Structure formats: structure tokens, C-alpha cells
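Q: Protein sequences appear in the order of chains A and B. Every letter in the first sequence is one number past the one before it in my numbering, and letter 72, counting from 1, is 202. Every letter in the second sequence is one number past the one before it in my numbering, and letter 58, counting from 1, is 188. All C-beta atoms, glycine included, are put in the ideal place defined by N, C-alpha and C. Computed from a predicted model, the values in this text were never measured in an experiment.
There are 2 protein chains.
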Amino acid sequence: MTTTARRPTRVAKLPPRERILDAAEELFQAEGIARVGVQAIAERARTTKMAIYRHFETKDELVTEWLRILAADYQAAFDRAEADHPGRPREQILALARFIADGLPEISYRGCPFINSLAELPDREHPARQVIERHKALQTDRLLGMCAAAGLPDPQQTTAEITFLLEGAQVSHQNGSIGQVGPRLLRMIEAILDRR
Amino acid sequence: MTTTARRPTRVAKLPPRERILDAAEELFQAEGIARVGVQAIAERARTTKMAIYRHFETKDELVTEWLRILAADYQAAFDRAEADHPGRPREQILALARFIADGLPEISYRGCPFINSLAELPDREHPARQVIERHKALQTDRLLGMCAAAGLPDPQQTTAEITFLLEGAQVSHQNGSIGQVGPRLLRMIEAILDRR
DNA sequence: ACCCGACGATACCGATCGGTATCAACTGGG
DNA sequence: CCCAGTTGATACCGATCGGTATCGTCGGGT
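This is the structure in C-alpha cells:
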């Protein structure tokens, strides 16, 4: 809710909070949560540690906010899939698969940030972990709705199958055990949508 | 600290190196690599930090050795699947899927150690990471051989599909987005083996 | 009985971590 | 123009980390 201070000094400089979240996003994705110190985030955000603690109570809260934003981005992909193909759940599901497949080159060998973050958050009461689990549960619900609307047989089982494939594709792409992950994933999803 | 004396080992105490590896296995699986200190491993192994450094040059080497042993365990599951169902590749693949499905309750909300460790090892040159990638590549090769031997159509694509499902099942079980993961996974694998 | 290597215990090192205190410089709104 | 609030810079704290040094003890071969 901070105002849009749109008067940069020389170069377009975002407000500190945005720069911090951007820097955190890049570093957490590239190196993981635990390996990235608050000092390193401050330097990449061209600010100081103190500025970070003015906007976030703890590092854990910064992590949580990062994942909240990331989850919102993924939910936005769901929204877009529904908006782009209204009333055509098969196209919606395929658009989601394409969203994942297209994102593979970007995450490259570092994999899905949600999966990675879960590995670093063994505490089930950790707020960041709850953000991830809530997001995944919501994603399952929406996918289930699409499968049911598409008239696919056994929507629960089909939802599980699509979810496994999407998650597994990202993992296999990360560890390099499978080549051509994107095209292969799309072929599998299409095959699921074609059987009825 | 709940030390949970789960096994008093009334019989002769194992040699220090075994106790260290056992302790490391439990702690790394439960809390991840970075969050577990060498001191904590020593305490659970009922020894000292010095003893650990007498058997392992660094903590990274201990991590690597743990993953080497774990990878060997998984390869042993492949061996067992082949030995138990000689000349019947479909049964072999199904046995592997059962092996993964049966392991789900044990890993529970902490997920697959390979996937988790990969998240904590962003350095591609890290020896532990190379152990994982080599293991996954080998696993893909053996699965590909089974698919080809089973006469499944497009063995490469089928291998990718089975791999995605196995990995994705573990991830989804970890984040709790899908229920009844084990039975669902087995149904999917059976469906793949039945289509020809 | 001897001895040598392995083991246990403890204290310590430098580095780094998350988080805080303090104060100067700047900036925009009244 | 002026002041209040935000920001930047630096120094610091206690805790914990991976790793080392030291020394006393123990046990099993020969």
C-alpha cells in the first residue's frame, strides 16, 4: 500500500521494499534460503541490512512474503488460463501445462522454488511452509474443478496424475535425468485430455 | 530436544563410523543438510565431533557418503526387482513403483532425500550433487531398459512418464496436496503397463 | 606386559550468521 | 522553508557454525 513515489533521483530506482523483494527472489531462487544471508540480499538490493529489518520483522518473514508473491504469480497463471479459454477446461489445463513447460528453461538446474523451499523448511508450523501447502492445496482444487468440468473420467485420479506429472517434470528437469522435458510433458498431458 | 531413544542397541555398540552414518542419515532426512550441525550428529551418534573428522575429511564428504549409501540402497531395489521377476519387465516396473509407494509413509512430510538435498546443493560441482545426478541418470537407464524389454510403445517417452509420476508422487505426498498417493500412483503405473 | 592406534572429552579458533543501536543525509508535504 | 519520517552507513552483539589442537584413556595384537 505504499505510495508510488514515481520521482527517481537519476536512474529509475524502485522503493527499497521492492528492491529487497527482487533481490531476495533472485538470490533465494539461485542459491536457496539458508545459504543466502541478509547482508547479501541488502547488497544486491543496493541498500543495507537495517533497511531490510525496517520492512520485514525477521528473515523468515521476508522468505514468507517472497513465497506469498510467488504463489500469487502462479495463481495468476490459473486465472489467465481460465480467462483465455472460457468454458473450455481442456484448453485451460493445456495452457497450465504450457505455463510449466515454458518456465523450465528459466528455473533450469535449480528447480521449482516451492519444492526447494519445502526441503529447507522442515518445521511444519513455519508460516512460509503453510503458505506453500495452502497454495498447493488451492492449486489442486482448481485443477480438480477443471478436470470435472472437462468431463474427464475419475476427476480425482486425473487431477492426481496431472499434478504428479507437473511436479515430476520439474524435478527431473532439475536433476537432468530426462531430456526434452517440456515437449514430453505436453505430450503426456494431451494424451490424458484425449482419453475419455 | 527429543532425543527419542528409539533403539538402545543392547547388543554390542556399532563402530563409530557406522553410528555416525546412521545419525547423519536420521538427522539429514529429518531436518535437511544445512540445519544439522556436526555437533548434533556427534551427539546422536554418541560420540564427539573429533571422531567424525577422523573418519570424514569435511562435513560435505559426510553428506556425500550418506547420499552414496542411499543411492546404493535404491539401486539395490532395482536389483531386487529384477531378481524377483526375472524376464518379466512389467512385474519389475510394478515392483519399483511399489517400492516407492511403500516408502511414502516413512518419508512422510519430509519428502525424497535426493530431491531435498538437490535443493540445498546449488553448486553443480559439489560431489554430493554429482552423486545424485549420476544416480538419477543410472536409474533412468535401467528403467528405459525395462520399458524396452516390456515392449512398451515409445520406451523413451514411457520412461519419462514413469519417472515424472514417481518423482511427482513423492513431492505431492510431501506437500500434502494429494491424498492416497500410494494407491493412486500404483493405479497409474498399472494403466501405463496395460496399454500397448 | 607392552605398545600403538583408535577413541572420548574439552577447549578453542576464525568466520559468519540474524538482528540491533546509533546517527548523518536526504526528501517530500505542509 | 522547515520539519518529520525514511533511508543509508557503520559498528556492534551474542550465538552458532565448520574445523583443529591437545591430552588422557582404552583395548587388542604380538
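Please report the distance separating the alpha-carbon of A:Gln286 from that of A:Ala280.
A: Whole-angstrom Cα-Cα distance: 12 Å.
Q: Going along chain A, which residues have a C-beta under 8 Å from B:Ser238?
A: The contacting residues do not exist; B:Ser238 stays about 10 Å from chain A at best.
Q: Can you give me, in chain order, the residues of the region 280 to 301 of chain B that have a beta carbon less than 8 Å from any beta carbon in chain A?
A: Correct list: Gln287, Thr289, Ala290, Glu291, Thr293, Phe294, Leu295, Leu296, Glu297, Gly298, Ala299, Val301.
Q: Considering only the alpha carbon of each residue, which of B:Phe244, B:Arg149, B:Leu200 lies closest to B:Gly298?
A: The candidate whose alpha carbon is nearest that of B:Gly298 is B:Phe244.
Q: Given that A:Arg326 touches chain B, what residues does it touch there, using C-beta distances under 7 Å?
A: Those within 7 Å of A:Arg326 in chain B number zero; the least Cβ separation is about 14 Å.
Q: Does chain B have any CB closer than 7 Å to the CB of A:Leu248?
A: With 7 Å as the cut-off, A:Leu248 counts as an interface residue toward chain B.
Q: What does the Cβ neighbour count give for A:Arg136, buried or exposed, with the cut at 16 atoms within 10 Å?
A: Low per-residue confidence applies at A:Arg136: pLDDT is 34, beneath 50, and the placement is therefore not dependable enough to give any value.
Q: Which residue from A:Arg184, A:Phe208, A:Lys266, A:Val311 puts its Cα closest to that of B:Val301?
A: Among A:Arg184, A:Phe208, A:Lys266, A:Val311, the Cα nearest to that of B:Val301 is on A:Lys266.
Q: Can you grab the Cα-Cα spacing for the pair B:Glu195 / B:Arg240, in whole Å?
A: The alpha-carbon atoms of B:Glu195 and B:Arg240 are separated by roughly 20 Å.
Q: Looking at the C-beta of A:Ile308, does it have a partner C-beta in chain B at a distance below 7 Å?
A: Yes, because at least one Cβ of chain B sits closer than 7 Å to the Cβ of A:Ile308.
Q: Is A:Gln310 helix, strand or coil when you go by DSSP?
A: Note: A:Gln310 maps to coil in three-state DSSP.
Q: For B:Ser238, count neighbouring C-beta atoms within 10 Å of its own C-beta (all shown protein chains included) and say buried if the count is 16 or more, exposed if not.
A: Exposed.
Q: Closest to A:Thr288 by CA distance: which of A:Ile223, A:Gln310, A:Arg165, A:Glu148 is it?
A: Closest by alpha carbon: A:Ile223.
Q: Check the Cβ of A:Glu120 against every Cβ in chain B and list those closer than 8 Å, keeping chain order.
A: One cannot answer for residue 120 of chain A here, as it falls past the ends of chain A, which runs 131 to 326.
Q: Could you give the distance in angstroms between the alpha-carbon of A:Gln159 and the alpha-carbon of B:Asn305?
A: Cα to Cα, the separation comes out at about 19 Å.
Q: Under 8 Å between beta-carbons, which chain A residues line up against B:Ala267? List them in chain order, please.
A: Result: Gly306, Ser307.
Q: Which ranges would you report for the alpha helix (DSSP H) in the region 262 to 296 of chain A if only whole runs of at least 4 residues count?
A: Listed in chain order, nothing qualifies, since the region 262 to 296 of chain A has no complete alpha helix (DSSP H) run of 4 or more residues.
Q: With DSSP collapsed to three states, give me the class of B:His215.
A: Of the three classes helix, strand and coil, the one that applies to B:His215 here is coil, per DSSP.
Q: What does A:Pro257 touch in chain B if you count any residue whose Cβ is under 8 Å from its own?
A: By Cβ distance, chain B contributes nothing, its closest Cβ being about 15 Å from A:Pro257, past 8 Å.
Q: Using the C-alpha atoms, what's the distance from B:Gln269 back to B:Phe294?
A: Cα to Cα, the separation comes out at about 13 Å.
Q: For the alpha helix (DSSP H) that A:Asp152 lies in, which residues bound it at each end?
A: That run of the alpha helix (DSSP H) goes 146 to 161.
Q: Buried or exposed for A:Gly162, please, with buried defined as at least 16 other CB atoms from any protein chain shown within 10 angstroms of its CB.
A: A:Gly162 comes out buried.
Q: Once you ignore the five residues that flank B:Leu282 on each side, which residues in its own chain have a CB closer than 6 Å to its CB?
A: Thr288, listed in sequence order.
Q: Is the Cβ-Cβ distance between A:Gly312 and A:Ala231 less than 7 Å?
A: Yes, the pair counts as a contact, with Cβ atoms nearer than the cut-off.
Q: Taking only three categories from DSSP, how would you classify B:Thr133?
A: Confidence at B:Thr133 is low in this model, with a pLDDT of 31, below 50, so its placement is unreliable and the value that follows should be read with caution. Coil at B:Thr133, not helix or strand.
Q: Out of B:Ser307, B:Leu274, B:His303, point me to the one whose CA is closest to B:Ile292's CA.
A: The shortest C-alpha separation from B:Ile292 is found at B:Leu274.
Q: What are the start and end residues of the alpha helix (DSSP H) that includes B:Val168?
A: Its alpha helix (DSSP H) spans residues 168 to 174.
Q: Using a Cβ-Cβ cut-off of less than 8 Å, give me the residues of the region 160 to 176 of chain A that come near chain B, in sequence order.
A: For the region 160 to 176 of chain A, which is checked against every Cβ of chain B, the residues closer than 8 Å are Ala160, Glu161, Gly162, Ala164, Arg165.
Q: At a Cβ cut of 7 Å, what residues of the region 213 to 244 of chain B count as close to chain A, listed as they run along the chain?
A: Going along the region 213 to 244 of chain B in chain order, one finds Tyr239, Arg240, Gly241 with a Cβ nearer than 7 Å to chain A.
Q: Taking the straight line between their C-alpha atoms, what separation do you get for B:Leu251 and B:Arg259?
A: Computed Cα separation, rounded: 6 Å.
Q: Listing by chain order, which chain B residues have their CB less than 9 Å from the CB of A:Arg210?
A: Those do not exist, as A:Arg210 stays about 21 Å from chain B at its closest Cβ, beyond 9 Å.
Q: Suppose only complete runs of 4+ residues qualify. What are the alpha helix (DSSP H) ranges in the region 212 to 261 of chain A, listed by chain order?
A: If we require 4 residues or more, the alpha helix (DSSP H) runs fully inside the region 212 to 261 of chain A come out as 219 to 237, 243 to 250.
Q: Give me the Cα-Cα distance between B:Val193 and B:Ala154, rounded to the nearest whole angstrom.
A: Cα to Cα, B:Val193 sits roughly 8 Å from B:Ala154.
Q: How about B:Ala175 and B:Arg149: are their beta carbons less than 7 Å apart?
A: In contact: B:Ala175 and B:Arg149 (Cβ atoms closer than 7 Å).
Q: Quick one: is the Cβ of B:Pro243 within less than 6 Å of any heavy atom of the ligand NAD?
A: This structure does not include the ligand NAD; it has no bound ligands of any sort.
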